[in-house]
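Accompanying notes for the structure given below.
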Amino acid sequence: MDDLTLSERLRQRGVSRRGFMKFCAATASMMALPPMMIPKIAAALEQARRPSVIWLSFQECTGCTESLTRSHAPSIEGLIFDHISLDYHHTLQAAAGDAAEHAREEAMKAHWGEYLLVVDGSIPLGENGNFSAIAGISNLEMLKEVAEGAAAIISVGTCAAYGGLPMANPNPTGAASVEQIITDKPIVNVPGCPPIPTVITGVLAHFLTFGRLPELDHLRRPKVFFGQNIHDRCYRRPFYERGQFAETFDDEGARKGWCLFKLGCKGPTTHNACATARWNQGTSWPVESGHGCIGCSEPGFWDAGGFYRPLSLPHTDVGETILTAGAAGIAIGAAAAVLNRKTKSDAVSNREVITIKDLEKES
Amino acid sequence: MGANELLSWARGPGFDIALIIFVGGMLLRLLEILALGKKPDLSPPRGSGPKGGVETILTRMLPRKSIFDKEPLRIINGYVLHIGFFTVLFLYGPHIVLFESFLGFGWPALPSGMIDAASAITIVSLGVALALRLNNKVVRFLSTKDDYIAWAITLLPVLTGYMAYNHLVASYTMMLALHLLSVELLMVLAPFTKLTHMFSFAMARWYQGYQAGRRGVES
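Protein chains in written order, with the working numbering: chain A, -5 to 357; chain B, -13 to 205.
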């Protein structure tokens, strides 16, 4: 079964040629590739053998796995996901204990230099990496070991990509992202808390088709999915332009679907595909369901000043700062005034009186 | 430092520092001026001082014909610059959110397209202001470093805001961070440059008007 190509496997599952071509067309358009690439994608995917994938979960909540494996099942995307040979994933695999670790070691040995490494969760560096271990091996040690033989690494979720929640202030475990530790491998970040399922299948399809990773932005995110900010693609944008904002979650504006900027929406500074790809098979997405974007695909989003604080407000309360500064200003101002008066009165009392006699003397 | 970190700093410690210097510095400067005091005027008043003060604060908002006729462009540009700047500052939705946070009340925002136009007009008007300054030999001679600094720190927030909104040069996040930093620069320097006039104009006009009003003459 392992030697079947993708097209054989899909046919076995009852997916028609038409359905497969539709998937290829959708993948091409999602990744903003020209239509002439569709046959190429189809040909490449049809011939693709199962690539070995090792999935390492570190300091994470399993939300990424939930998102990627459950939300679209069963779908053609799901089958594509089936199609990869997921040789190690400690949440999904049947094996446990030593058998599980053997599976990982065997996969590494058999596909050295060719397998894909998927990581979710951050890696603790504090206390020599002892905050988190699997089978007695610290996360740090396991990541380094598996990364060495990987063709490429996909950091799934904001924790693996940028540190995420574990790295949030005060970062008790000294959490770090994959790219902070591994510097000599091609890495693609698929951030999000969790990321959109179609984005990971898109990245995998791209890798299978072209044998390389898609074009990335400066934060190593695939440009096709993270090239635009939520705000620019938001269907509520016209309300922002008109200055119509919901003030609370249940006021008139909220019911009318007005812009959520005042309720803390981070859409303007967040790059992700939610507004276009949407969630749950295209059913909806956070802003559509009435909650502002929390910016989960951006580095440091947990410490970006509060989910419900509007983007144009500073992190701390302005009123208190004004009062403190005002008091200080008045105190220093009063001191300066006293000093100025003293200078003035000193000048008056020290003034030398020059008489005509003095002037005559000099000449 | 990435755009996100820069934005976080600008919204966090950066803004706090700038606000403390702005409020503290402005009060310090104004108090210093007030504390200079003036000698008691023992002559009997020939008119009302306070009436003259209030009148002058208001009438100085309007151009004087004699001055307007000499340099209409400079006077008109002054209005365009100030009205444009106030429109952008006080009528843009995200800005109102900030004022609302410490005033406790807000007001309706203008559509962002109009704000966009107002900032473009303000930027052009600042360009005209600089050209007028450089083209007049006397004004150029009288200009100091302070004048050019005041000009630059007024331009930067409008320019970066315009660029952020229109996605020019850098990403929105980066331009927003730069926009906030430029506003913070303005806040830090305002009390110590001629931009103090944003508050002291009323004091100066009151003083002039009061003196004139008390003597029963036109200020």
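The beta-carbon is built from N, C-alpha and C at its ideal position, and this holds for glycine as well. All figures in this text were calculated on a predicted structure; none of them were measured in a lab.
Is the distance from the Cβ of GLY158/A to the Cβ of GLY151/A below 9 angstroms?
Position 164 of the first sequence, counted from the start, is the residue given in the question as residue 158/A. Position 157 of the first sequence, counted from the start, is the residue given in the question as residue 151/A. Between GLY158/A and GLY151/A, the C-beta spacing is below 9 angstroms.
Measure the alpha-carbon distance for MET161/A versus THR56/A and round it to whole angstroms.
Here residue 161/A refers to the residue found at position 167 of the first sequence. Here residue 56/A refers to the residue found at position 62 of the first sequence. MET161/A and THR56/A: Cα-Cα distance of roughly 17 angstroms.
From the beta carbon of ALA95/B, is the nearest beta carbon of chain A less than 9 angstroms away?
Along the second sequence, read from residue 1 onward, the residue named residue 95/B stands at position 109. With respect to chain A, the C-beta atom of ALA95/B has a partner C-beta closer than 9 angstroms.
Hey, is ILE316/A's beta-carbon within less than 9 angstroms of any beta-carbon in chain B?
Here residue 316/A refers to the residue found at position 322 when the first sequence is read from its first residue. Closer than 9 angstroms: yes.
Suppose you measure from the CA of ALA150/B to the CA of TRP273/A; what does that come to, to the nearest Å?
The residue labelled residue 150/B in the question sits at position 164 within the second sequence. The residue labelled residue 273/A in the question sits at position 279 within the first sequence. Their Cα atoms are separated by approximately 29 angstroms.
Is there at least one Cβ from chain B nearer than 9 angstroms to VAL312/A's Cβ?
As a working mapping, residue 312/A is identified with position 318 in the first sequence. Taking Cβ atoms only, chain B reaches closer than 9 angstroms to VAL312/A, which makes this a yes.
Show which residues of chain A have a CB atom less than 9 angstroms away from the CB atom of HIS183/B.
Residue mapping note: residue 183/B aligns to position 197 of the second sequence, counting from 1. Within 9 angstroms Cβ-Cβ: nothing; HIS183/B doesn't reach chain A, min ~18 angstroms.
Do GLU292/A and LYS260/A have their beta-carbon atoms positioned less than 9 angstroms apart in this structure?
One-based indexing of the first sequence puts residue 260/A at position 266. One-based indexing of the first sequence puts residue 292/A at position 298. At a Cβ-Cβ threshold of 9 angstroms, LYS260/A and GLU292/A count as neighbours.
Taking only the alpha-carbon atoms, compute the straight-line gap between VAL197/A and SER51/A and give it to the nearest angstrom.
In the first sequence, the residue the question calls residue 197/A occupies position 203. In the first sequence, the residue the question calls residue 51/A occupies position 57. If I take the Cα positions, the gap works out to 19 angstroms.
With 16 as the cutoff for other CB atoms within 10 Å, does HIS68/B come out buried or exposed?
Working through the second sequence from its first residue, we reach residue 68/B at position 82. Exposed, because fewer than 16 other Cβ atoms sit within 10 Å of the Cβ of HIS68/B.
Does ALA67/A come out as helix, strand or coil in the three-state DSSP assignment?
Locating residue 67/A in the first sequence gives position 73, where the first residue counts as 1. Any reading at ALA67/A must be qualified, since the residue scores a pLDDT of 42, below 50, and its modelled position is unreliable; the value itself is stated next. Coil, per DSSP.
Please confirm whether LEU118/B and LEU59/B have their CB atoms less than 9 angstroms apart.
Residue numbering aside, residue 118/B sits at position 132 when the second sequence is read from its first letter. Residue numbering aside, residue 59/B sits at position 73 when the second sequence is read from its first letter. Against a cut-off of 9 angstroms, the Cβ pair of LEU59/B and LEU118/B comes out as a contact.
Under three-state DSSP, which class holds TRP296/A?
Taking the first sequence and counting its residues from 1, one reaches residue 296/A at position 302. Reduced to three states, the DSSP call for TRP296/A is helix.
GLU346/A: contacting residues in chain B (beta-carbon distance under 7 angstroms):
Here residue 346/A refers to the residue found at position 352 when the first sequence is read from its first residue. Ordered by position in chain B, no residue passes the 7 angstroms Cβ test against GLU346/A, which lies about 23 angstroms from the chain.
Whole runs of the alpha helix (DSSP H) within the stretch 72 to 126 of chain A, excluding any shorter than 4 residues:
Runs found: 91 to 104.
How would you list, in chain order, the residues of chain A whose beta-carbon sits under 8 angstroms from the beta-carbon of MET12/B?
Against the second sequence, residue 12/B aligns to sequence position 26. Those are GLY323, listed as they occur along chain A.
Pairwise C-alpha distance: MET25/A and TYR82/A
Mapped onto the first sequence, residue 82/A falls at position 88. Mapped onto the first sequence, residue 25/A falls at position 31. So the two alpha carbons sit approximately 28 angstroms from each other.
According to DSSP, simplified to helix, strand and coil, what is PRO268/A?
In the first sequence, residue 268/A corresponds to position 274, counting from 1. Reading off the sequence, residue 268/A comes out as Cys, not Pro. CYS268/A: helix per DSSP, three-state reduction.
Any idea which residues DSSP pairs ILE131/A with across the strands?
For this step, residue 131/A is matched to residue 137 along the first sequence. For ILE131/A, the beta-bridge partners assigned by DSSP are ILE128/A.
Does any residue of chain C bring its CB to less than 9 angstroms from the CB of GLY(-12)/B?
Checking the listed chains, one finds no chain C in this structure; the protein chains it contains are A and B.
Would you say the stretch 122 to 141 of chain A touches the stretch 247 to 263 of chain A, given that touching needs at least three Cβ pairs under 8 angstroms?
By the C-beta criterion, the stretch 122 to 141 of chain A is judged not to be in contact with the stretch 247 to 263 of chain A, since fewer than 3 inter-stretch pairs fall below 8 angstroms.
Is there contact here, the stretch 182 to 189 of chain A with the stretch 279 to 296 of chain A, by at least three beta-carbon pairs under 8 angstroms?
The stretch 279 to 296 of chain A and the stretch 182 to 189 of chain A touch, with three or more beta-carbon pairs separated by less than 8 angstroms.
Check each residue of the stretch 17 to 28 of chain B: if its Cβ is closer than 9 angstroms to any Cβ of chain A, include it; give the result in chain order.
So the list reads LEU17, GLU18, LEU20, ALA21, LEU22 and GLY23, given in the order they occur along the chain.
Would you please verify whether the beta carbon of GLY70/B is less than 9 angstroms from any beta carbon of chain A?
Walking along the second sequence from the start, residue 70/B turns up at place 84. The beta-carbon of GLY70/B is placed no less than 9 angstroms from the nearest beta-carbon of chain A.
Can you have a look at PHE17/A and say buried or exposed, based on whether 16 or more other CB atoms are within 10 angstroms of its CB?
As a first step, residue 17/A must be located in the first sequence, where it is residue number 23. PHE17/A should be labelled buried.
In the DSSP assignment, find the alpha helix (DSSP H) that holds SER168/B and state where it starts and stops.
Sequence index remark: in the second sequence, residue 168/B carries index 182 (1-based). Here the alpha helix (DSSP H) through SER168/B covers 158 to 175.
Across which residues does DSSP place SER111/B in a beta bridge pair?
Residue numbering aside, residue 111/B sits at position 125 when the second sequence is read from its first letter. Within the DSSP secondary-structure output, SER111/B pairs in no beta bridge.
Spatial neighbours of MET136/A in its chain, beta-carbon cut-off 7 angstroms, leaving aside the 5 residues before and after
Position 142 of the first sequence holds residue 136/A. Within its own chain, the residues whose Cβ lies closer than 7 angstroms to the Cβ of MET136/A, once the five positions on either side in sequence are excluded, are LEU50 and ILE128, listed in chain order.
Apart from the five residues just before and just after PRO68/A, which ones in its own chain have a Cβ nearer than 6 angstroms to its Cβ?
As a working mapping, residue 68/A is identified with position 74 in the first sequence. Residue placement at PRO68/A is poorly supported in this model, since its pLDDT is 46, which falls under 50; the coordinates still yield a value, given next. Excluding sequence positions up to five before and after PRO68/A, its CB lies less than 6 angstroms from no other CB in the same chain.
Distance between GLY91/A and ALA97/A (C-alpha atoms, nearest Å):
By 1-based counting over the first sequence, the position of residue 97/A is 103. By 1-based counting over the first sequence, the position of residue 91/A is 97. So the alpha carbons of these two residues sit roughly 10 angstroms apart.
So if DSSP puts VAL47/A in a beta bridge, which residue, or which two residues, is it bridged to?
Taking the first sequence and counting its residues from 1, the one referred to as residue 47/A is at position 53. The beta-bridge partner set that DSSP reports for VAL47/A consists of LEU80/A and LEU110/A.
Using the Cβ count rule (16 or more neighbours within 10 Å means buried), how would you classify LEU111/A?
Counting from one through the first sequence, the residue named residue 111/A turns up at place 117. With 16 or more Cβ atoms within 10 Å of its Cβ, LEU111/A is classed as buried.
Could you tell me if the beta carbon of LEU75/B falls within a distance shorter than 8 angstroms of some heavy atom in the ligand FAD?
The model on display carries no ligand, and the ligand FAD is accordingly not part of it.
Just to confirm, is the Cβ distance from LEU112/B to VAL144/B under 9 angstroms?
By one-based count along the second sequence, residue 112/B stands at place 126. By one-based count along the second sequence, residue 144/B stands at place 158. Going by C-beta atoms, LEU112/B is nearer than 9 angstroms to VAL144/B.
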